[in-house]
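Numbering (our numbering), first residue to last: 127 to 290.
Heads up, the thing below is written out as structure tokens.
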């Protein structure tokens with residue numbers, strides 16, 4: 127009896143097999159995704175929304191007093207936009223006179239470079255008007271203040287909305 131064993135040796139090179147390529151695909155995708163993430167991080171710099179958090183934290187109590195003052199006056203406001211012009215309807219429950227000018231601050235939630243400070247003049251019957259410095263879209267944080275900084279209204283505004 128003869129113990130002969132024949133080996134079927136397909137001597138194909140490794141790069142012609144599918145399994146090495148399949149196993150290398152995962153790390154390859156991760157490397158490409160890492161470079162894409164790095165590119166996005168460099169190109170789209172978010173910037174800081176506020177560069178002095180500590181001072182803002184100390185001023186929280188003063189800010190809350192102004193918010194409470196607006197609440198005690200019963201102030202309510204609606205912001206409306208037509209093109210680059212803004213209109214604000216400001217209503218108060220009390221007989222306290224509304225100022226002839228107010229300051230409206232539009233703050234973008236994530237991009238401080240797009241924030242706008244708009245001085246608005248009274249047109250009459252609680253209506254104020256002002257002009258946007260740049261076009262706005264999306265969600266914005268709105269702060270309305272009197273020039274003497276005695277009260278402040280805050281809220282959110284959807285710039286694309288058709289309703290006030």
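Positions of the beta carbon are idealized from the N, C-alpha and C atoms, including for glycine.
Endpoints, the alpha helix (DSSP H) within which residue i is located
i, result
"residue 167", "144-169"
Contact set for residue i: own chain, Cβ-Cβ below 6 Å, skip 5 residues either direction
i, result
"residue 283", "205, 266 and 268"
"residue 146", "140"
"residue 202", "217"
For residue i, three-class secondary structure by DSSP
i, result
"residue 193", "helix"
"residue 264", "coil"
"residue 184", "helix"
Own chain residues within Cβ distance below 8 Å of residue i, not counting five before or after
i, result
"residue 151", "none"
"residue 199", "218, 219, 220, 222 and 277"
Start and end residues, beta strand (DSSP E) containing residue i
i, result
"residue 204", "202-208"
"residue 281", "278-284"
"residue 257", "253-257"
Beta-bridge pairing of residue i - partner residues as DSSP gives them
i, result
"residue 245", "229"
"residue 217", "202"
"residue 211", "208 and 257"
"residue 250", "253"
Spatial neighbours of residue i in its chain, beta-carbon cut-off 7 Å, leaving aside the 5 residues before and after
i, result
"residue 272", "225 and 228"
"residue 243", "229 and 231"
Residue i beta carbon near the ligand FMN (any heavy atom closer than 7 Å)
i, result
"residue 232", "The ligand FMN is not among the ligands present in this structure, which contains no ligands whatsoever."
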